[in-house]
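K.L.:
Numbering (my numbering), first residue to last: 0 to 298. Backbone N, C-alpha and C fix where the C-beta goes; we use that ideal spot for every residue, glycine too. Small disclaimer: the values here were computed from a predicted structure and weren't measured.
1) Considering only the beta carbon of each residue, do residue 169 and residue 78 sit closer than 7 Å?
2) For residue 43 and residue 85, I'd like the C-alpha separation in whole angstroms.
3) When DSSP labels each residue in this structure, what does residue 10 get in the three-state scheme?
4) Assign residue 295 to one of three DSSP states: helix, strand, or coil.
5) So if DSSP puts residue 53 in a beta bridge, which residue, or which two residues, is it bridged to?
6) How far does the beta strand (DSSP E) with residue 170 in it extend, from its first residue to its last?
7) Skipping 5 residues on each side, what residues in its chain have a beta carbon closer than 6 Å to that of residue 262?
8) Under the assumption that residue 20 contacts residue 213 (Cβ atoms under 8 Å), give the Cβ distance between them as a whole number of angstroms.
9) Under the three-state reduction of DSSP, which class applies to residue 161: helix, strand or coil?
10) May I ask you to list the residues that DSSP assigns as paired with residue 48?
11) Which runs of the beta strand (DSSP E) at least 3 residues long sit entirely within the stretch 95-145? Give them in chain order.
12) Candidates 161, 142, 137, 150: which alpha carbon is nearest residue 107's?
13) Residue 2 by DSSP, collapsed to three states: which one?
14) Excluding the five sequence neighbours on either side, which residues of its own chain have a C-beta within less than 8 Å of the C-beta of residue 100, listed in chain order?
15) For residue 66, count neighbouring Cβ atoms within 10 angstroms of its own Cβ and tell me buried if that reaches 16, exposed if not.
16) Can you find the residues in the same chain that come closer than 6 Å, C-beta to C-beta, to residue 17, ignoring five residues on each side of it along the sequence?
17) Hey, out of 23, 36, 63, 54, whose CA is closest to residue 47's CA?
18) Since residue 239 and residue 200 are thought to touch, with beta carbons under 8 Å apart, how far apart are those beta carbons, to the nearest angstrom?
19) Does the pairing of the stretch 171-179 with the stretch 205-219 give three or more beta-carbon distances under 8 Å?
20) In angstroms with no decimal places, state the Cα-to-Cα distance between residue 186 and residue 195.
21) According to DSSP, is residue 249 part of a helix, a strand, or is it coil?
22) Pairs of beta-carbons, one from the stretch 60-75 and one from the stretch 109-128, closer than 8 Å: are there three or more?
23) Looking at the strands, I want to know which residues DSSP matches up with residue 82.
24) Can the beta-carbon of residue 142 be found less than 7 Å from the beta-carbon of residue 179?
25) Which same chain residues, not among the five before or five after residue 125, have their C-beta less than 6 Å away from its C-beta?
26) For residue 1, which residues from the same chain have a beta carbon less than 7 Å from its beta carbon, with the 5 sequence-adjacent residues on both sides left out?
27) Flag this pair as yes or no: are the beta carbons of residue 31 and residue 62 separated by less than 7 Å?
Following this line, the structure appears as structure tokens:
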């Protein structure tokens, strides 16, 4: 297989997007380690292979350093690091103390930096790769998850700088995710009807599957991407249709088929498609990205 003999670490790889990433690497033949604060509800498996779980709180620098010392002894190498762990609860800026928002930044920006630094000697030795899991929340306003959006913007910039500093030994890239359907999607978008309605706001007409994110991560970590570093790959199904197109009274006869019912997301019941719809502008859909879910525990 493509990654036979290689060792990959996926942080927060026990559920949701992280588990999808881990499964994709297992299918590619890699030996996969996943870490999180809590073990998975069920083993992360694919292609007759199982990811190896390691308990770790990424916000504990000493524990992170000790983990990589143990990883070097256990596996002998590290070929790819996927900084996936992260997430945030929904919290308006004025509804939380600065320390609460700072914890979100710590999990989504400072922790990936600490993990990457600890992994660097192993990655340099193998001429490996880092894949950061970013979010479209870092590229646009993110009301209700402002600290998360700021952290993801910082993560993408960190990856570009890291790619320059660590070249040519280590490649560093970012996957910028849109909405992904996971076991926690109902917390952000509501019931099945709400999830489907939000999916129709995406040009491709649906949310991504976690394993599709995994396939993109495998590509960036593989030799097929040997000349790709410092890049950001958008995996968002075409992005978000500009809200003004649906609010405008001209050209209304030819709406985009995938977004014709965008307004219905907030129609009869303001919370039909998202737990937080009451804070959105009626002409827009406040679509929280799936990477908002607390993949490595609540914050």
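P.N.:
On the basis of the coordinates in this document:
1) Along the chain shown, one-based indexing puts residue 169 at 170. Along the chain shown, one-based indexing puts residue 78 at 79. At the C-beta level, residue 169 and residue 78 stay beyond 7 Å of one another.
2) On the chain shown, residue 43 is found 44 positions in, with the first residue counted as 1. On the chain shown, residue 85 is found 86 positions in, with the first residue counted as 1. Near 18 Å, if we compare the C-alpha coordinates of residue 85 and residue 43.
3) Numbered from its first residue, the chain shown carries residue 10 at position 11. Of the three classes helix, strand and coil, the one that applies to residue 10 here is strand, per DSSP.
4) Locating residue 295 in the chain shown gives position 296, counting from the first residue. Reliability fails at residue 295, whose pLDDT of 43 lies under 50, so the model's placement of it is uncertain and no value is given.
5) In the chain shown, the residue the question calls residue 53 occupies position 54. 34.
6) Taking the chain shown and counting its residues from 1, one reaches residue 170 at position 171. Where residue 170 is concerned, the enclosing beta strand (DSSP E) stretches over 170-176.
7) Walking along the chain shown from the start, residue 262 turns up at place 263. Residue placement at residue 262 is flagged as unreliable, the pLDDT there being 36, under the threshold of 50; the coordinate-derived value follows with that caveat. Excluding its 5 nearest sequence neighbours in each direction, residue 262 has no C-beta neighbour in its own chain below 6 Å.
8) The residue you call residue 20 lines up with position 21 of the chain shown. The residue you call residue 213 lines up with position 214 of the chain shown. Between residue 213 and residue 20 the Cβ distance is about 4 Å, and since that is below 8 Å, they are a contact.
9) Locating residue 161 in the chain shown gives position 162, counting from the first residue. Residue 161: helix per DSSP, three-state reduction.
10) Translated into the one-based positions of the chain shown, residue 48 becomes position 49. In the DSSP output, where bridge partners are listed per residue, residue 48 has 45.
11) Whole beta strand (DSSP E) segments, 3+ residues: 128-134.
12) The count along the chain shown starts at 1 and reaches residue 107 at position 108. The option with the nearest alpha carbon to residue 107 is 150.
13) Taking the chain shown and counting its residues from 1, the one referred to as residue 2 is at position 3. Correct three-state label for residue 2: coil.
14) Locating residue 100 in the chain shown gives position 101, where the first residue counts as 1. Taken in chain order, the residues that qualify are 90, 92, 145, 146.
15) Mapped onto the chain shown, residue 66 falls at position 67. With 16 or more neighbouring CB atoms inside 10 Å of its own CB, residue 66 falls in the buried class.
16) Counted from its first residue, the chain shown places residue 17 at position 18. Apart from sequence neighbours up to five positions away, the residues of its chain that approach residue 17 with a beta-carbon distance below 6 Å are 9, 11, 83, 294, ordered along the chain.
17) Here residue 47 refers to the residue found at position 48 when the chain shown is read from its first residue. Answer by Cα proximity: 23.
18) Locating residue 239 in the chain shown gives position 240, counting from the first residue. Locating residue 200 in the chain shown gives position 201, counting from the first residue. 7 Å between Cβ atoms; contact.
19) In short, these stretches touch, since the Cβ pair count reaches three.
20) Within the chain shown, the letter at position 187 stands for residue 186. Within the chain shown, the letter at position 196 stands for residue 195. The C-alpha of residue 186 lies about 14 Å from the C-alpha of residue 195.
21) As a working mapping, residue 249 is identified with position 250 in the chain shown. The answer is coil: DSSP assigns residue 249 none of H, G, I, E or B.
22) The stretch 60-75, when compared against the stretch 109-128, does touch it at the 8 Å Cβ threshold.
23) In the chain shown, residue 82 corresponds to position 83, counting from 1. 131.
24) Along the chain shown, read from residue 1 onward, the residue named residue 142 stands at position 143. Along the chain shown, read from residue 1 onward, the residue named residue 179 stands at position 180. No; because the gap between Cβ atoms is not below 7 Å, this pair is not in contact.
25) Mapped onto the chain shown, residue 125 falls at position 126. So the qualifying residues of the chain are 76, 78.
26) Start at 1 with the first residue of the chain shown, and residue 1 comes out as number 2. Correct list, in chain order: 27, 28, 221.
27) On the chain shown, position 32 is the one that residue 31 refers to. On the chain shown, position 63 is the one that residue 62 refers to. In this structure, the beta-carbon distance from residue 31 to residue 62 does not fall below 7 Å.
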